[in-house]
Amino acid sequence: MQKDSIKHHIHLHFLVFIAGFTAILGKLITNSAVSIVWHRMFIALIVILLFCAMTGKKLKTSYRFIIKYCLLGFIISLHWITFFMSIDYSNVTVALSMMSTTAFFTSFIEPFFFKRKIIPYELLLSFLVIAAIFLILKSEFNYSLGIILGIFSAFFASIFSVLNGLLIKNDNAYKISFFEFLFGVIFISIFLIITGRLDDLFIESFFSVNYLYIFLLGVVCTAYAFIAAVYLLNYITPYSAVITYNLEPIYGIILALVIFGKSEQMSFNFYVGLLLILFSVFLNFYLKKYNKKIN
46 MQKDSIKHHI
56 HLHFLVFIAG
66 FTAILGKLIT
76 NSAVSIVWHR
86 MFIALIVILL
96 FCAMTGKKLK
106 TSYRFIIKYC
116 LLGFIISLHW
126 ITFFMSIDYS
136 NVTVALSMMS
146 TTAFFTSFIE
156 PFFFKRKIIP
166 YELLLSFLVI
176 AAIFLILKSE
186 FNYSLGIILG
196 IFSAFFASIF
206 SVLNGLLIKN
216 DNAYKISFFE
226 FLFGVIFISI
236 FLIITGRLDD
246 LFIESFFSVN
256 YLYIFLLGVV
266 CTAYAFIAAV
276 YLLNYITPYS
286 AVITYNLEPI
296 YGIILALVIF
306 GKSEQMSFNF
316 YVGLLLILFS
326 VFLNFYLKKY
336 NKKIN
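In the numbering used here, the protein residues as written are 46 to 340.
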C-alpha cells in the first residue's frame, strides 16, 4: 500500500457524500424502484466496459465464477430495489437509517461463511441495534413498510458484501462488478418481461430531468464511485474506508434535510434510535481493531 495523504481522505469523504446523494436521486427520480435499478446497472456496466477498454483491463472470466456472478447480480439488484422502495414508502432519512443496520447483519452472516464463532460483544451490540429498531418503529409507525424494506435492503447488502469479499480474492474487482451488473440487468429484464411491465423502463424524453438524474446515478454514483473506491484502497486501509463509509447515513440525512426540508424531519425518538445504531456500528469496529492489537 502506498502512503496516504489528506487529499486521499478528502477524496474518500467525497465518495461517501456521493453515496449519500444516491438516496436523494432515488427520491427525485419518478420512475419505479425496479426501473431505477435497471437503468443504474445498465449505465454503470457500459461505463465500466468503456473504462476497461481504455485501460486495457481484461473482462474474460472462468465459467466456474459465472454462477457466483449470477447470484451476486441477483442479490445486489434486490438490495437496490428494496432500498429505493424504502424511500418510496417512507423517505430518505428512514431508508438511510435502516442501512446502518448492515453491520448488525454482517456480524451474524460473516461467521457462517468464514467458519468462525460469533464474538460475545457482537451479540450485545446486536441487542442494542434491535432495541434501536423497535424504538424507531414505535416512533414512526406510519413509515413501518419503509422501515421493513430498509431492513431487508440492509440484509441483502450484508450478504452481498460478505460474498463479494470472498470473490475479490480470486478475480479482478472491475470484472466482478461488470458481470454482477450484467446479470442484475438480465434478472430485472426477465422479471419485467414475465410480469408484462417493460413499460416501466420508459423515460419520457432523453432530455428530461429524470434522465439527467438517472445518468448521474449510473455514471457518478455507481461507476465512478466504484472505480474511485478501488483506486483509493491503494492508499487507504480497508478499516479506514469502512469506518468512513459508515458516515453515509449522516451525510445523506443532512443533505435530505437541506433539500427536502420538513418532509425529512423525524421525531426525537427516531434520532435517538439512529444514534444508538451508529454508536453500535462504530463501537463494533473499535472493539475489532482493539482485539487485533492485543492478539
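Every residue, glycine too, gets a C-beta built ideally from N, C-alpha and C. Here the structure is a predicted model, which means the values were calculated and not measured.
inquiry  = Let me check understanding here. Comparing Cα to Cα, which of I239, E167, F129, D244 lies closest to F150?
reply    = Translated into positions along the sequence shown, residue 150 becomes position 105. When only C-alpha atoms are compared, the closest one is E167.
Helix, strand or coil at S312 [DSSP, three-state] = Walking along the sequence shown from the start, residue 312 turns up at place 267. DSSP, read as helix, strand or coil, puts S312 in coil.
task = With a threshold of 16 other CB atoms inside 10 Å of the CB of Y276, please say whether the residue is buried or exposed.
result = On the sequence shown, position 231 is the one that residue 276 refers to. So Y276 ends up on the exposed side.
inquiry  = What does the Cβ neighbour count give for P294, buried or exposed, with the cut at 16 atoms within 10 Å?
reply    = Along the sequence shown, read from residue 1 onward, the residue named residue 294 stands at position 249. When all chains shown are included, P294 counts as buried.
Which of helix, strand or coil DSSP assigns to I121 = Mapped onto the sequence shown, residue 121 falls at position 76. Here I121 carries a helix assignment [DSSP, helix/strand/coil].
ask   = Buried or exposed: R161, going by 16 or more other Cβ atoms within 10 Å of its Cβ?
value = Within the sequence shown, residue 161 is the residue found at index 116, counting from 1. R161 is exposed by the Cβ-count criterion.
request  = Under 8 Å by Cβ, that's how I've got T146 and I196 pegged, so tell me the actual separation to the nearest angstrom.
outcome  = Sequence index remark: in the sequence shown, residue 146 carries index 101 (1-based). Sequence index remark: in the sequence shown, residue 196 carries index 151 (1-based). At roughly 6 Å, the Cβ-Cβ gap stays under 8 Å, so T146 and I196 are in contact.
ask   = With 16 other CB atoms within 10 Å as the buried threshold, where does K52 fall?
value = Numbered from 1 along the sequence shown, position 7 holds the residue referred to as residue 52. Here K52 is exposed. Its C-beta has fewer than 16 other C-beta atoms within 10 Å.
task = Leaving aside the five residues before and after V82 along the sequence, list all residues of the same chain whose C-beta is less than 7 Å from its C-beta, in chain order.
result = As a first step, residue 82 is located in the sequence shown; it is residue number 37 there, counting from the start. Same-chain partners within the cutoff: S122, W125, I126, F129, I233.
task = Give me the Cα-Cα distance between P165 and C97, rounded to the nearest whole angstrom.
result = Position 120 of the sequence shown holds residue 165. Position 52 of the sequence shown holds residue 97. Using only the alpha carbons, I get a separation of about 44 Å.
task = Under 8 Å Cβ to Cβ from F223, same chain only, skipping five residues before and after it: list those, please.
result = The count along the sequence shown starts at 1 and reaches residue 223 at position 178. Within the same chain, F223 has close Cβ partners L90, I93, L94, C97, L104.
ask   = Alpha carbon to alpha carbon, how far is G101 from Y219?
value = As a position in the sequence shown, residue 101 is number 56, starting the count at 1. As a position in the sequence shown, residue 219 is number 174, starting the count at 1. If I take the Cα positions, the gap works out to 12 Å.
ask   = Which whole-angstrom value describes the C-beta separation of S80 and D245, a residue pair presumed to lie in contact below a C-beta threshold of 8 Å?
value = For the purposes of this step, residue 80 is taken as the residue at position 35 of the sequence shown. For the purposes of this step, residue 245 is taken as the residue at position 200 of the sequence shown. Between S80 and D245 the beta-carbon gap is near 4 Å, inside 8 Å, which marks them as a contact.
Chain-order list of residues whose beta-carbon lies under 6 Å from that of I120 (same chain, five-residue window excluded) = In the sequence shown, the residue the question calls residue 120 occupies position 75. Cβ within range, chain order: F201, I204, F205.
request  = Determine the burial state of I117: buried for a count of at least 16 other Cβ atoms within 10 Å of its Cβ, exposed for fewer.
outcome  = In the sequence shown, counting from the first residue as 1, residue 117 sits at position 72. Ile is not the amino acid found at residue 117; the sequence shown has Leu there. Counting other Cβ atoms within 10 Å of its Cβ, L117 reaches 16 or more and is therefore classed as buried.
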